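Novice:
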Amino acid sequence: MYQLHTRLFVNASLDEVWDCFSSPHNLQKITPASMGFVIKVGGGGKMYPGQIIAYTVKPIAGIPMNWVTEITHVSDKKFFVDEQRFGPYKMWHHEHHFKQVEGGVEMEDIVSYLLPFGFLGKIAHWLFVKRQLQTIFDHRTQVVSHLFPRSENKK
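Heads up: the sequence shown begins at 36 in the numbering used here, then just goes up one per residue.
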């Protein structure tokens, strides 16, 4: 199993940050255009446990893939979890945590995932998957810094 762990300080109130990130509609704004991310079903309103969201993504060579996730847990202004139900990963579990800190909000993401195809999946992870996921989160950091000026990545 692989894991990506990121922290981001957001220069805004907890209410503002939660409103932005708890709306599936905003996912497209924080995802690189090169991913071809389009919500097909379930992107309206605020998220809730049991919500199913279906997307199209183009993670490899512009080839469209369907991806379906379920919002499995939501604790208002604290955290939410999305899990893949169908898509490019063998398993995907993404925790989004929000914590009020002095001067803003600390966002923490913990993504645990498995790739399909055994040994070939390990090679794909080494060749491009790990780097692609980091690029997606780096892009999100850039977008957040425009939405909420003076935000910064925390390592």
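Glycine included, C-beta positions come from ideal geometry on N, C-alpha and C. Just so you know, these numbers come straight off a predicted model, no measurement behind them.
Between the C-alpha atoms of E130 and K113, what's the straight-line distance to the nearest angstrom?
Specialist: Whole-angstrom Cα-Cα distance: 11 angstroms.
Novice: On a Cα-Cα basis, can you pick out the residue from L182, H160, R120 and H174 that is closest to I95?
Specialist: Nearest option by C-alpha distance: H160.
Novice: Please confirm if M100 has its CB atom under 8 angstroms from at least one CB of chain B.
Specialist: The structure shown contains no chain B; it is built from a single protein chain.
Novice: For A47, which of helix, strand or coil comes out of DSSP?
Specialist: In this structure, A47 counts as coil in the three-state DSSP scheme.
Novice: In the DSSP assignment, the alpha helix (DSSP H) including D173 goes from what residue to what residue?
Specialist: D173 -> alpha helix (DSSP H) spans K165 to L182.
Novice: Could you give the DSSP three-state label for M100: helix, strand or coil?
Specialist: Reduced to three states, the DSSP call for M100 is strand.
Novice: For N61, tell me which candidate among L43, S48 and K81 has the shortest Cα-Cα distance.
Specialist: Checking every option, the nearest Cα to that of N61 belongs to K81.
Novice: If you drop the 5 nearest sequence neighbours on each side, which residues of the same chain put their C-beta closer than 6 angstroms to that of K134?
Specialist: Counting only Cβ-Cβ distances below 6 angstroms, and skipping sequence neighbours, we find E141.
Novice: Compare the beta carbon distance of Y194 and L150 with 8 angstroms and say whether it is the shorter of the two.
Specialist: This structure cannot speak to residue 194, because the chain is shown only from 36 to 190.
Novice: If you follow the beta strand (DSSP E) that F29 is in, where does it begin and where does it stop?
Specialist: There is simply no residue 29 to check, as the chain begins at 36 and stops at 190 in what is shown.
Novice: Assess contact between the stretch 162–176 and the stretch 58–72, defined as three or more Cβ pairs (one per stretch) separated by less than 8 angstroms. Is contact present?
Specialist: Yes, they touch.
Novice: Taking the DSSP output, what are the residues bridged to G139?
Specialist: Answer is V136, bridged to G139.
Novice: Tell me which same chain residues have a C-beta within less than 7 angstroms of the C-beta of L49, skipping the five on either side of it?
Specialist: Same-chain partners within the cutoff: K112, F133, Q135 and V140.
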